[in-house]
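I have placed the structure first, in the form of structure tokens, so that the comments after it can refer back to it.
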Amino acid sequence: MRILKLELKRILTTRTTWILLGIALILSVCMAYIPTTFYASEYTDENGNQVRLSGLKAFQYQKSQKAGLEGEVTPKKVRDALEAYQNCLNEYGVKDTYDLPEGVYGERIAPYTSLIHGLKEAFADPKTGMAPSLMEIDLEKAEDFYSKCDERIVTLMEAEQRDHPAAQEKAVSMYHKVEKPFTFYLAGSDSNRMDYQLLLSFMILLFCTVIAAPVFSSEYQTGADDILRCTKHGRGRLGMLKIISAMCICGTAFALCSAVYIIISNCLFGWEAVKTSIQMIFSAMNLADINMGQLQTATALAGLLCVLASVSLTLFLSSRTKNMVMSIAVSLLFCFLPVIIYVAMPNDLGTWLNCIIPTGGLGMQSSFLYAMADFEFLNVGDFALWTPDAYLFFEAVAIPLLIGLTIHSYSTHKIK
């Protein structure tokens, strides 16, 4: 225990560690606030003046507009929203909202957009996948929204997983378990908050990589390891304690920053946000039976697992590298590797690689969060594994495997 405390103190007392952890905490607060700045609204007041709002004031105005629409998204609400949309465009004799006079969209259409955003998906042509315009959807059929969604998921998966019937069957089974009707609250209607949570997680991953990379390589470089290796517990036991200390610091930092982000974000927008179905934010066909609060938690936990797996990889690289700069450089390369794979590799191979490498769960193009909103599966014969489950599985396997390899590498390191 005394050696563990000394290792924790050794890492925590370095200036770089404190600077990076301080920046991470500041970023948690700033990134929770930034999505509030994306809101903008305008309306005409009682005196006929045009009033423009931005930030939280605009959000509160939009929330007051949609107050009666929040809660369960019943078939009747969907029909009424489509009727309001069609009546408005017919009244002005236009076919698209872009042709409406200034201010009309914000006052008459915007309050209903969230309720009808999934209609085009649900009523898409089952053969071509082409979605109709909202003006083309029969008003009387709008109340069949949920039954159309159940039908659409079948044809959608036939197109997405054409050669993999096991994946099709699993996806349809998952979607049938999704609770309907969906639930909607304006506070949870913005995917920007999830994007910034992912960006924050990726930044913390970079910081944790820089903190963990010198754990072994710095002592190789300075020669301190030559002395430590001669002590009674200077090999396997010391190596394990170094790993535990780095994992504890990085894991705690990530958990703290994620908690700060989620709490501040939900306090700014309203805690009712957590009850919004993810199908109301991303695709109406999303397979996961969770709400936005559960998605926030799942993303944070998956991010924590990814950080621990990535730190394990960084420690292994550190145990194999005698130069601290090289250790940091190679470790950071692995952090950006998912982006390179996403751009350069074919679809199936790229998906497999991003799921397998420890840093893949927090990639900026392909990640656990975006996989939750997608329909990708890893297919092996008649077996299909949904990619979010694949991220969790491979990261959970990577942690003990890489820790074991790190201990072995450190214990067998030879002094020259």
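In the numbering used here, the protein residues as written are 260 to 675.
Ideal Cβ positions, reconstructed from N, Cα and C, are used throughout, including at glycine.
Remember, it's a predicted structure, so these values are computed and weren't measured experimentally.
Asked, Found
"By DSSP's criteria, L415 is part of a beta bridge. Which residues make up the other side?", "Paired residues: none, contrary to the question."
"Alpha carbons only, please: which of L515, A471, I537 is nearest the one belonging to R452?", "I537"
"List in chain order: all unbroken alpha helix (DSSP H) runs of 4+ residues lying wholly within the stretch 347-377.", "372-375"
"Per the contact definition of three or more C-beta pairs closer than 8 angstroms, is the stretch 327-337 in contact with the stretch 436-444?", "yes"
"Around the Cβ of P294, are there at least 16 other Cβ atoms within 10 angstroms (buried) or fewer (exposed)?", "buried"
"For my contact list, A630 and T618 are in at a C-beta cut-off of 8 angstroms; report their separation, rounded to the angstrom.", "Rounded, the Cβ-Cβ distance is 14 angstroms, inconsistent with contact."
"What are the start and end residues of the alpha helix (DSSP H) that includes L592?", "583-603"
"Is there at least one non-hydrogen atom of the ligand HEM closer than 7 angstroms to the beta-carbon of L515?", "You won't find the ligand HEM in this model; it holds no ligand whatsoever."
"What does the alpha-carbon distance come out to for the pair E601 and A283?", "A quick correction: the sequence has Tyr, not Glu, at residue 601. Taking the straight line from one Cα to the other gives about 26 angstroms."
"For A299, which option in A291, D454, Q319, A632 has the closest C-alpha, if you only look at C-alpha atoms?", "Q319"
"Can you list the beta strand (DSSP E) stretches of 3 or more residues lying completely in the stretch 262-345, in chain order?", "299-303, 309-313"
"Using a Cβ distance threshold of 8 angstroms, determine whether the stretch 553-566 contacts the stretch 637-655, with at least three qualifying pairs required.", "yes"
"What number of angstroms, rounded off, separates the C-alpha of L366 from the C-alpha of I502?", "Contrary to the premise, residue 366 reads as Glu rather than Leu in this sequence. Looking at the two C-alpha atoms, the distance is approximately 57 angstroms."
"Please classify S406: is it buried, with 16 or more other beta-carbons within 10 angstroms of its beta-carbon, or exposed?", "exposed"
"Could you have a look at F642 and say whether DSSP puts it in helix, strand or coil?", "strand"
"Can you check DSSP and say which residues form a bridge with T442?", "E331"
"Taking all protein chains shown into account, do 16 or more other C-beta atoms lie within 10 angstroms of the C-beta of T610, making it buried, or fewer, making it exposed?", "buried"
"In terms of residue numbering, what span does the alpha helix (DSSP H) encompassing G619 cover?", "Here G619 belongs to no alpha helix (DSSP H), and DSSP marks it neither H nor E."
"Under DSSP, the alpha helix (DSSP H) around F382 begins and ends at which residues?", "Segment: none, F382 is in no alpha helix (DSSP H) and carries neither H nor E."
"Considering only their Cβ atoms, is the gap separating L459 from S590 smaller than 8 angstroms?", "no"
"Could you work out which residue in P473, A543, D633, T535 is closest to N582 when comparing CA atoms only?", "P473"
"Using three-state DSSP, classify F513 as helix, strand or coil.", "helix"
"Pick out whichever of C565, A401, L393 has its Cα sitting closest to the Cα of Y344.", "L393"
"Return the first residue and the last residue of the alpha helix (DSSP H) that Q427 is part of.", "424-435"
"Using the Cα positions of D633 and F475, report the straight-line distance between them to the nearest angstrom.", "39 angstroms"
"Identify the residues that DSSP records as bridge partners of S536: which are they?", "N550"
"Please report the straight-line C-alpha distance between D301 and K400, rounded to a whole angstrom.", "The amino acid at residue 301 is misidentified as Asp; the sequence shows Glu. Those two C-alpha atoms are separated by around 33 angstroms."
"On the three-pair Cβ rule with 8 angstroms, is the stretch 567-578 touching the stretch 546-554?", "no"
"Straight-line CA distance for I522 to M433?", "30 angstroms"
"Looking only at C-alpha atoms, which of D449, P659, S577 sits nearest to K322?", "D449"
"Measure the alpha-carbon distance for L596 versus L660 and round it to whole angstroms.", "20 angstroms"
"Taking the Cβ atom as the reference point for each residue, do C411 and A381 lie within a distance shorter than 8 angstroms?", "Inspection of the sequence shows that residue 411 is occupied by Arg rather than by Cys. Yes, the pair counts as a contact, with Cβ atoms nearer than the cut-off."
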